[in-house]
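Participant: Sequence order for the protein chains is A and B.
If you read the first sequence in this note's numbering, its first letter stands for residue 138, the second for the next number, and so on.
If you read the second sequence in this note's numbering, its first letter stands for residue 6, the second for the next number, and so on.
Take this structure, written in C-alpha cells, and hold onto it; I'll ask about it next.
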Amino acid sequence: MDKSMKLKIGDIFVYLFILVLIGLSLLGLKTMGVDRSNTVVQIQLDGQVIDSFEVSQDGEIETREIRVDTGQGGYNIVRVTSQGIAVIDANCPDKLCVRSPIIKVPGQSIVCIPHKFVVRIIGENQGDNAVDDTAS
Amino acid sequence: MDTIMSFRVYGDRSAKKAMNKAIDRIKEIEKHMSSTYEDSDVVKINKAAGTEPVKVHDDTFYVIKKALEYGQLSDGALDITIRPIVELWGITSDNPRVPSKEEIDEKLALVDYRKVVLDEENKTVFLEEKGMGIDLGAIAKGYAADEAVRILREAGVESALLNLGGNVITIGSNPDGRSWRIGIQDPRRDETGEPHFAIVGVADATVVSSGDYERYIEEVYEKTGERYHHIFDPKTGYPADKGLMASTIISSSSIDADALSTILFIMGYEEGFNLIEEIGNAEAIAVTVDKEVYTTEGLKNSLIQSNDHYKIMD
C-alpha cells in the first residue's frame, strides 16, 4: 500500500481550511449585496404613475396579485411571481394585455391601450430609499 | 369620481376571491357616498336640504355620524357641510376660480355641521337649511379601506398592501417578515425631483397624507405663485392656511387616519398635534411651508429621512 494515498492529519486541516474558505466566500457574495438589488416596477394610468413597487431579485418571491381599477368600471389584474410579471385578467375589449408574454427585464412593459394602462419594469432600485409604496 | 385603486394581496387563489369581494364593497360605498353619482345617499340628502329628512344606507349613516363626531372633536375643523364652499371654488372642476369675499361669506353662512340632524332609529339625515350640502370626501375613502381590510382578514389574508387613491393600507407585514416601508410623498416633488421626503416602517396600519400639492388652481399658481388648493378651512371659506404644506397620519384605523390628516392640515401642527395626542391611536407628521418636519412622540427616531430638502425637527 502506497503511503502517499493516506490522508494525514495535516491534509485534513488543509481540506477543511479550503472548505471553510469556499463557504465564507459564498456567504460574502450573498451579504455583499451582489444579489440584493430590487427590480422597480411601475404601473401607469393615462400617463400618470399610480403605483410603484419593488420585486426582490434574490430567489423566490411570494406571488402577489395587483388589481388596478382604471375608471369607468375597467380593471386589469397583474400577477407578480418569481418568473416575472403578467397581466392575468382584464375587462378591456381586446384582451391584448392578457395575451402579452410575461415580462422580467428592465425596459419591458405590458400595455393595455383601451384602459390607458401600462405596467413597466423600469430598472434597479435606489438602495436605502427603497419603499413598498408611497402615501400621497 | 372613481378612486384609483391598487391591491397587492399575497397568497393563493382564495386571496384573489377576497380581493374582488373587497373591491365590490369599496364600489358600493363609493356609490352610496359619492357627491356626483345621481342616486347616491349624499346627492339625495343635499337635494332635500331644508325640505325633508332622507333615509340612507346603514354605512352612509355610520360615516356621517363618525364625521360629525370628528366635527365636534376638532371644533369644526372637519366639517362635512363644506360642500357649498367646495362648489363655489370648483377646484376639482374644469373651471376653478377665486371667488369674491362676498360670495364666500354668503356660502359660509350655510356651513355648520351642527345643522345636520340624525335620526338613529329611522336612519335618516336632514340638513336644516336650504342650500346646505355635505361632502364625505375627507372620510368615505377611509371607511371603505377599513371595510376592505375587514373582508380580506376574514378571508384569512395575512399580508396585503392596498393603495386607495394615495391612501396606503397594510395588512400584516411584508411577506419577507419585515415591516412595510412606506414613503411619504414629497409635497414639492415637482421642484425637488424626489418622490418622497421620508420613509416609515409600518405593519397593520394605514398611512394617509393630505396637502396643498394634490389639487390646486394651476393657472393662478403659475401667474402669482399663490396655491389655492382643495382643502378648505370651514372657519374662513378659503383654502386652509395654517402654515403646513402636508400632513400625514399613521393609524390602525383608516377612517380615523383619513379624518385626522385633513384635521391636522386645517388646524396647523401645534393645535393638530395636541388633538391627535389627546385622541390617541394615531401618529402624525407635519411639514411646514418652511420645509420643517415635525412628528408626534411615537415617530421620533423611527422616521427615516429620504432627501435633504427637508429638515426633521426634534
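Quick reminder that beta carbons are idealized off the backbone N, C-alpha and C, glycines included.
I want to verify the contact list: residues of chain A whose CB lies under 9 angstroms from the CB of B/Tyr15, in sequence order.
Facilitator: Within the second sequence, the letter at position 10 stands for residue 15 of chain B. Within 9 angstroms Cβ-Cβ: Glu199, Thr200, Arg201 and Glu202.
Participant: Let me know if B/Val205 comes out buried or exposed under the rule of 16 or more other beta-carbons within 10 Å of its beta-carbon.
Facilitator: Along the second sequence, one-based indexing puts residue 205 of chain B at 200. Buried, by the Cβ-count rule.
Participant: Residues of chain B with a CB under 8 angstroms from the CB of A/Asn267: which are they?
Facilitator: Sequence index remark: in the first sequence, residue 267 of chain A carries index 130 (1-based). Residue identity differs from the one stated: residue 267 of chain A is Ala in this sequence, not Asn. What A/Ala267 touches in chain B: Arg186.
Participant: When the Cβ atoms of the segment 231 to 238 of chain A are set against those of the segment 27 to 42 of chain B, are three or more pairs found closer than 8 angstroms?
Facilitator: With a cut-off of 8 angstroms, the segment 27 to 42 of chain B and the segment 231 to 238 of chain A do not count as touching, because too few Cβ pairs lie within range.
Participant: Check the Cβ of B/Val212 against every Cβ in chain A and list those closer than 7 angstroms, keeping chain order.
Facilitator: Residue 212 of chain B sits at position 207 when you count from the first residue of the second sequence. Chain A residues near B/Val212: Ala272.
Participant: Hey, out of B/Glu107, B/Ile96 and B/Val61, whose CA is closest to B/Lys1's CA?
Facilitator: Outside the modelled stretch of chain B, which goes from 6 to 319, sits residue 1 of chain B, for which no answer is possible.
Participant: Let me know if B/Asn307 comes out buried or exposed under the rule of 16 or more other beta-carbons within 10 Å of its beta-carbon.
Facilitator: Translated into positions along the second sequence, residue 307 of chain B becomes position 302. For the sequence presented, residue 307 of chain B should be read as Ser rather than Asn. Looking at its Cβ environment, which holds fewer than 16 other Cβ atoms inside 10 Å, B/Ser307 is exposed.
Participant: Enumerate, from N- to C-terminal direction, the unbroken beta strand (DSSP E) stretches of 3 or more residues contained entirely within the segment 242 to 274 of chain B.
Facilitator: Taking only runs of at least 3 residues, the beta strand (DSSP E) segments lying wholly in the segment 242 to 274 of chain B are 249 to 256.
Participant: Anything in chain B within Cβ reach of A/Asp231, meaning under 8 angstroms, just list it in chain order.
Facilitator: Start at 1 with the first residue of the first sequence, and residue 231 of chain A comes out as number 94. Within chain B, no residue comes near A/Asp231; the closest Cβ sits about 21 angstroms away, beyond 8 angstroms.
Participant: Quick check: is the beta carbon of A/Thr207 nearer than 9 angstroms to any beta carbon in chain B?
Facilitator: Working through the first sequence from its first residue, we reach residue 207 of chain A at position 70. Cβ-Cβ to chain B under 9 angstroms: yes for A/Thr207.
Participant: Is B/Asn306 helix, strand or coil when you go by DSSP?
Facilitator: Here residue 306 of chain B refers to the residue found at position 301 when the second sequence is read from its first residue. Residue state, collapsed to three classes: coil.
Participant: Going by other Cβ atoms of all chains shown within 10 Å of its Cβ, with 16 needed for buried, is B/Lys106 buried or exposed?
Facilitator: Mapped onto the second sequence, residue 106 of chain B falls at position 101. Result: exposed.
Participant: Short of 7 angstroms in beta carbon distance, which residues of its chain neighbour B/Gly95, apart from the five on each side in sequence? Order them along the chain.
Facilitator: As a working note, residue 95 of chain B is residue 90 in the second sequence. For B/Gly95, where only same-chain residues beyond five positions count, the Cβ hits under 7 angstroms are Pro101 and Arg102.
Participant: Which residues, in chain order, does the segment 23 to 57 of chain B contribute to contact with chain A at a C-beta distance below 9 angstroms?
Facilitator: Under the 9 angstroms Cβ criterion, the segment 23 to 57 of chain B contributes Met24, Asn25, Ile28, Ile31 and Lys32.
Participant: Looking only at C-alpha atoms, which of B/Val130, B/Asn51, B/Ile109 and B/Asp99 sits nearest to B/Asp64?
Facilitator: Indexing the second sequence from 1 puts residue 64 of chain B at position 59. The candidate whose alpha carbon is nearest that of B/Asp64 is B/Val130.
Participant: Report yes if the CB atom of A/Glu199 is closer than 9 angstroms to the CB atom of A/Asn175, and no otherwise.
Facilitator: Taking the first residue of the first sequence as 1, we reach residue 199 of chain A at position 62. Taking the first residue of the first sequence as 1, we reach residue 175 of chain A at position 38. Cβ atoms of A/Glu199 and A/Asn175: not closer than 9 angstroms.
Participant: So who's on the other strand from B/Lys60, going by DSSP bridges?
Facilitator: The residue given as residue 60 of chain B occupies position 55 in the second sequence. B/Thr129, per the DSSP bridge assignment.
Participant: Is the beta carbon of B/Asp110 closer than 9 angstroms to that of B/Gly242?
Facilitator: Against the second sequence, residue 242 of chain B aligns to sequence position 237. Against the second sequence, residue 110 of chain B aligns to sequence position 105. Against a cut-off of 9 angstroms, the Cβ pair of B/Asp110 and B/Gly242 comes out as a contact.
Participant: By the 10 Å Cβ neighbour count, where 16 or more other Cβ atoms means buried, how is B/Thr97 classified, buried or exposed?
Facilitator: By one-based count along the second sequence, residue 97 of chain B stands at place 92. B/Thr97 should be labelled exposed.
Participant: Let me see if you follow: with CB-CB separation under 9 angstroms, is B/Lys240 close to chain A or not?
Facilitator: Stepping through the second sequence from its first residue, residue 240 of chain B is reached at position 235. Cβ-Cβ to chain A under 9 angstroms: no for B/Lys240.
Participant: Quick check: B/Arg193 and B/Lys316, are their CB atoms within less than 9 angstroms of each other?
Facilitator: Stepping through the second sequence from its first residue, residue 193 of chain B is reached at position 188. Stepping through the second sequence from its first residue, residue 316 of chain B is reached at position 311. For B/Arg193 and B/Lys316, no; Cβs fall outside 9 angstroms.
Participant: With respect to the beta strand (DSSP E) encompassing B/Ala53, which residues constitute its N-terminal and C-terminal limits?
Facilitator: The residue you call residue 53 of chain B lines up with position 48 of the second sequence. Element bounds for B/Ala53: n/a, residue is neither H nor E.
Participant: So with Cβ pairs under 9 angstroms, would you call A/Ile214 a contact of chain B?
Facilitator: In the first sequence, counting from the first residue as 1, residue 214 of chain A sits at position 77. So, interface residue.
Participant: Tell me whether A/Phe150 is buried or exposed, calling it buried when 16 or more other Cβ atoms sit within 10 Å of its Cβ.
Facilitator: Position 13 of the first sequence, counted from the start, is the residue given in the question as residue 150 of chain A. Answer is exposed; the Cβ neighbour count stays below 16.
Participant: For A/Val268, name the three-state secondary structure that DSSP assigns.
Facilitator: One-based indexing of the first sequence puts residue 268 of chain A at position 131. It is coil, neither helix nor strand.
Participant: In chain B, which residues lie with their C-beta within 9 angstroms of the C-beta of A/Ile180?
Facilitator: Reading the first sequence from its first residue, position 43 is the one you call residue 180 of chain A. What A/Ile180 touches in chain B: Ser11.
Participant: Return no unless some Cβ of chain A is closer than 9 angstroms to the Cβ of B/Glu288.
Facilitator: Sequence index remark: in the second sequence, residue 288 of chain B carries index 283 (1-based). No, B/Glu288 lies away from the interface with chain A (no Cβ there is under 9 angstroms from its Cβ).
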